[in-house]
Every structure is written in structure tokens, then in C-alpha cells.
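In full-length UniProt numbering, the protein residues as written are 1 to 613. We put the CB at the ideal spot given by N, CA and C, even for glycine. This structure is a prediction, so every number in the text was calculated from the model and none was measured. First comes the structure, then the notes that go with it.
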């Protein structure tokens, strides 16, 4: 059973996840029958409520990731139920270790942990006992239960820190990974094209095309089509009926005047120094030819750190006059500021911009009319829903209301017209012919109702109607086969001593590329092949319907002193250290399980899962 390590209380994380997803959002019921636990490690129990909460949390998390509800059956099929149980067993093992070692936390530390949980704070940012009680009650906890579990969890964290804290990956291992990841290579490549073939691809016979069509029938099969009738209403459809008068638009223009009247600005970078003497020395270096980027580097900064963006004179405060006195790129300062003496580099002047009401009118009208149209649709929605509930057909809705009637032969992936809305696509794919039209909303404030009239199953297109497509597909397949044969001949020539360029192919040389590097001319499979091929050796690659021959020219070892490589090394070291710490924790938990004894109640596990179908 694999244990997930946590730096913070597991109970707190579970509770916070529940609160974030919405209080009471899990519909969790308390398992208060005769079954109290699903198992134990030694004397440390895994309660049925803890197991139920952990399952619900995992199901909700997976549902959010996939955008679809995750069922208990799917959890079992993917083994996620076992992962959840394994995590709880690992936690119980650490809890049992803490119990045996006599590790615990006092009331003061427990109180501090509870007071620090943001979910228990009121609007003023302070711990609030009523909020605390309400949050626990919504998730089926009593105060005593939660505090006991939190105390146990904090004790587990102490044991966890003692077992796995401070674990660091061996530097030799980190260096080995870094060298592997940061290694670069130079190579030469050529694409085999139809013009490179010594024998052209023959023209297919009708029998060959028929055979290809039969063997690849799925390529020439129309997808399932859902014939749908719909009625919809969008703000755009109503805009002509909700015109806004100029007085209202002018009032909105004045309210948003800051958007339409932008003062003059400057693009500015700033470096702050501890003293005026140091700032003056830096200015002297700049005047002598040192770049502003190098001055920033001396301060341990990058230009991104120094960048203030586009700022107004007022936003610059005491430096405003000096910086705005520059009409072309240059340096202002040193200037004494609230942060200390500073140099300001002005990179560009952004002229003041003013948009008149006449120029802004169309934009203002469009936004105001769309907003009013959305509100009008909101007002209509109840009547539209009542009509549908009363048996009105979509055709009647199109005649008697502002809704527009339409039809669509919908196939998966369609994005034309109303199918451009994800909400419609989901409804279309889930609909059955027995469903009654129901009013549904669109993200722009519109509404729609639909009826599935007919499902046309996937149907092969007649051979005669797709003969040209079959011929193109046949030719493409034959061409790749012929190009691969030619590529093998080229590889043999290079192995025989020829250079790739001497074979008559159009070649390109890449001086250096990193492992997993990006090329806008080559697919990733080609780059991967370069790193699988010994220097001086040729290789053939087929990717995305194209055939390539590559020759790896040289291996460029990682520069361990390079700043980027150092950063990568640090990240690799951290990842390896975390992995080692987690492995050590797993080994320890397994040892505790073996010594204390693990027992599981499969009937209790099944009982909990059965209530989550």
C-alpha cells in the first residue's frame, strides 16, 4: 500500500477540500451502524467515516479533472478505491507508530493549528467559533471527533518528519540525471520526398482501390449523426429591440472616462540602491558603457525584477518630474525615493490617448445593448419554460416567442452555429428521443431548447462517392512505403562511408538541440531518434506521414556551470529528495504494519462503497 506524504494535517486538507468544493457538497451520510471501522493497524482504527470522506474527496477531485461525474464502479475499475484505502492504511501505520512511541501534541499547539485554518475564519479574518462549528457539522464531524483526529494527525506528522525529514538525494545521482537531461546533440537531417524516389509510385487499378476501401472502411464511414430540432434565443438576436439612448450611453462614458482618456506614460525600469554613493557609482558605470541589465545583475536582479511597466507621472511619485523630462530613452537619477536612492531607465514614451464619445459610442452601445438583452432574456425565461412544460412544441416556440427555430445534423466535434456552444454539444450528445424539450442556458445569457428527432448510426459512404478520397489515401500509404524503402537505401549508403549530403538529398544541419527540444520543422519523434543514435550513425524515422533520415554528428555534454543547468540540477535534486523521502516513509509504514499487524474488514469496505454508487 503506497503512502502519500503530506506536510500539513491530512484531516485539515480533507476538510478544506470539502469546504472549497462547497459545504455539504458531498452529501456524506454518517455510518453509525454496528460497523465502526474498515480496518486497523495494531490498535489504530480506520473508521468507516474517514474512509467514506476520503473516497468522496477522491471522486469529487477526479470529477473536476475530467468534467464528468465519476462513479464508484469507475473508481474500482481504475483501482482508485485501493489507492484511497492504501493511503489511509499508511496514515494509520504512522498513527500506530506515534501511539507506540508516545508522540502527541499539547492543547496549545492543537488550538494554534485550528486557529490558523482559514476555513474557520470570519469576514474579519479572525477565528470564529460559530463558523468552526458550522463547518464541522456540515461535514459530519463533532468538535471532539475533529480535534481528536487533528491531534492524531499532528502526531503522525511529527513521526513523518523524524523518519523522512532532511532526506537529500546523493549529489552523484543528481549530477547523473542532470547530465542526462541537459545533454545536447548536433545532427543533420533530410526528408525523403516523392521526388527522391528512384521509381515513382504506380497508378492504382480499380480492384486495388476497391480492396483498399474494404480494408480501411472506417476511414470512409460517416460518423453517427444526430438530427436535432432546436429553438434558441441569444442577446445578439434581441439587440435590435433593446436600443439604448444617447443620454444613457454618455453617462456610461463619463463613468468609465479613465478607460477612454489615458494620460501620457513611460515604459520604465528601476534599480534601488542602499545608499546615494552606490547609486551614483552605478550611474557612473552606466555612463561608462555598462548596460542597465548588467547593473541589475550586479544587484542580483533581472530586468524583469526591475521592470515597472508603463507608468504615469503620478505613479512615479518623486521620480515623476525627472523621468518625464526625458523625451527619448535614457537614464534619470539617482533620485531619492521612499525605497532609497534609485536609477530609472526610461525605455519608451507612450503618448496620451483619448477616445471621444463619438468614437466610443459603438463599443458602449454594443456592451449596453448586450447587457440589456441578457436581462430581457432572464425575464422571459420563466414564461418560456412554462410554455415548454405546458406542452408547447419547438415549432410553436419559434412562431409565438422571440426564439428562433433551427435544425442541425449534429456530429461529434461540430462547432458551427449553435454547436459552437459547449452546453449545446453536451446536451446534444446526452439527448435521447424520449426526452422532452427543456429550457437550458448558454454562457452569453442566451437560452435554448432541443429535441432529438433521429439518430443515424455510422454509415459507410458508397465507394463511388469517395473514390477520389480512396485514391488519395492509397497513394499516401504507397508513397510512405516507397519513401521508407528509399530511406533504407540512403542509410546503407551513409553506413558505407558517404555523407548524407553526398546522397543527393537536401540536407539541413542543426548545430545543437536539447533532449526533448522543440523544432518547428521536425516532429518530436525525430528529435528523440537523434538522442537514441550514436554519433556518426544514420537512422530512419517515420513520423506524421513523413520519412526522414538523420545522422547524429556530435554529443554536447551538459555544462554543469551554466545557470540554466544549475537550476535544472536544483529541481532534479528536490524531486529525487522528495521521492526518496516518500520511499523511506513507505518502508517505515510497511514495517510498522508488519510488526503491529494489519487487518481489513472487506465487508465494511464493500458496505461503504455500496452507499456511493
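For residue 347, the three-state secondary structure derived from DSSP is strand.
For residue 107, the enclosing alpha helix (DSSP H) begins and ends at 107 to 116.
Distance from the Cα of residue 320 is smallest, within the candidate group 268, 304, 306, for 268. In this structure, the CA atom of residue 80 is about 14 Å from the CA atom of residue 89. Annotation for residue 490: the continuous alpha helix (DSSP H) segment containing it runs 467 to 495.
When beta bridges are read from the DSSP output, residue 127 appears opposite 121.
Selection 439, 225, 388, 440 evaluated against residue 460 yields 225 as nearest (Cα-Cα). Distance from the CA atom of residue 78 to the CA atom of residue 214, rounded to whole angstroms, is 36 Å. By the neighbour-count definition (other C-beta atoms within 10 Å, threshold 16), residue 170 is an exposed residue. As summarised for the stretch 418 to 461, the continuous alpha helix (DSSP H) elements at least 4 residues long and confined to that stretch are 422 to 430, given in chain order. In this structure, residue 146 lies near residue 136, with their beta-carbon atoms less than 8 Å apart. In this structure, residue 447 and residue 233 form a Cβ contact; the two beta carbons are roughly 6 Å apart against a cut-off of 8 Å. Rounded to the nearest whole angstrom, the CA to CA distance from residue 217 to residue 485 is 26 Å. Distances from the CA of residue 223 to each of 411, 551, 433, 289 were compared; the closest alpha carbon is that of 411.
Note that the C-beta distance between residue 470 and residue 177 is not below 8 Å. Residue burial is scored here from C-beta neighbours: residue 339 has fewer than 16 other C-beta atoms within 10 angstroms and is therefore classed as exposed.
Each residue's CA atom was taken as its position, placing residue 144 and residue 157 some 20 Å apart. With a threshold of 16 other beta carbon atoms within 10 Å, residue 84 meets it and is buried. With fewer than 16 other CB atoms across the displayed protein chains lying within 10 angstroms of its CB, residue 206 is exposed. Listed in chain order, the non-local C-beta contacts of residue 512 below 7 Å within the same chain comprise 184, 186, 556, local neighbours out to five positions each way being set aside.
Here residue 549 is near residue 190, since their CB atoms are less than 8 Å apart. When DSSP states are grouped into helix, strand and coil, residue 264 belongs to the coil group. If you look at residue 296, you'll find it in the alpha helix (DSSP H) that goes 292 to 298. Under DSSP, the beta-bridge partners assigned to residue 538 are 551.
Pairing residue 159 with residue 108 gives a Cβ-Cβ distance that is not under 8 Å. DSSP assignment within the stretch 140 to 169 yields the following whole alpha helix (DSSP H) runs of 4 residues or more, N-terminal first: 143 to 164. A Cβ-Cβ separation of about 33 Å leaves residue 241 out of contact with residue 354 under the 8 Å criterion. DSSP, reduced to helix, strand and coil, places residue 187 within a strand of the structure shown. Contact check between the stretch 406 to 423 and the stretch 377 to 384: fewer than three CB pairs, one atom from each, fall below 8 Å, which does not count as touching.
With fewer than 16 other Cβ atoms from the protein chains shown falling within 10 Å of its own Cβ, residue 195 counts as exposed. Around the beta-carbon of residue 560, fewer than 16 other beta-carbon atoms lie within 10 Å, marking it exposed. By the criterion of a C-beta distance shorter than 6 Å, residue 493 is surrounded in its chain by 503, once the five residues flanking it on both sides are discounted. Looking only at 61, 163, 197, 93, the smallest Cα-Cα distance to residue 505 is reached by 197. Each residue's CA atom was taken as its position, placing residue 266 and residue 360 some 25 Å apart. Burial is judged here by how many other beta carbons sit within 10 angstroms of a residue's own beta carbon; residue 173 has fewer than 16 and is exposed. Annotation: residue 224 is outside any beta strand (DSSP E) and is labelled neither H nor E by DSSP.
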